[in-house]
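In full-length UniProt numbering, the protein residues as written are 1 to 228.
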């Protein structure tokens, strides 16, 4: 026996032999009647308990229920009672819906991502500053090396000047000693001249031989009378 095939007419289904079957409208809510009319696949154990359409062949006796699914409560009951009982059970115990998928990103993740972006930007800025400082340090190092070379040249020149100054100081000390010796010799010469002139006095304007035999007595008497 093949399951019924819906042909699009309200409340009618067509069996495998082409016979039309008219169904009574179910007193259930319209949303239950508007569900898809295609029954579950054959061999599904839930087909006898989850079917809500009045054209289910298992409910109308057109197909045998799977073994192990017949119970004393459902055996022998009309189709509309089974549908009504199934609707009440679905209302009391609705099927668990799948939980909504969690969003991929939350507010905390967005905040953390923004913070990480800001930190990366700051690190990039610091890296650029460090690169600039590296170039400045390289230039400063080159200038320092040049200054070190200049200072080394100055040190060599200063060493030569020190030697020359030492030589000059030695010469000055020698000249000072010679100057002192020269001054001493000059004083001695002056003393000798004075001593030599003391015994070599000349008097002008006196006739020759006027002093007589004692020149000292004549000068002692004559010099006080002279008008200088």
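Using N, Cα and C, we set each Cβ at its ideal position, and we do this for glycine too.
Cβ separation of residue i and residue j, assumed to be a contact under 8 Å, to the nearest whole Å
i           : j           : result
residue 212 : residue 218 : 6 Å
Close-in-space but distant-in-sequence residues of the same chain around residue i (CB under 8 Å, 5 per side omitted)
i          : result
residue 61 : Residue confidence is low: residue 61 scores 48 on pLDDT, short of 50, so the model does not pin down where it sits. No coordinate-derived value is stated.
With 16 other Cβ atoms within 10 Å as the buried cut-off, status of residue i
i          : result
residue 86 : buried
residue 54 : Its pLDDT being 49, under 50, residue 54 is placed unreliably by the model, and nothing is read from it.
Proximal residues to residue i (C-beta, below 7 Å), its chain only, five neighbours per side dropped
i           : result
residue 91  : none
residue 115 : none
residue 225 : none
Own chain partners of residue i with C-beta closer than 6 Å, once the 5 adjacent residues on each side are dropped
i          : result
residue 29 : For residue 29, the pLDDT reaches just 47, beneath the cut-off of 50, and the residue's location in the model is therefore unreliable, leaving the point undetermined.
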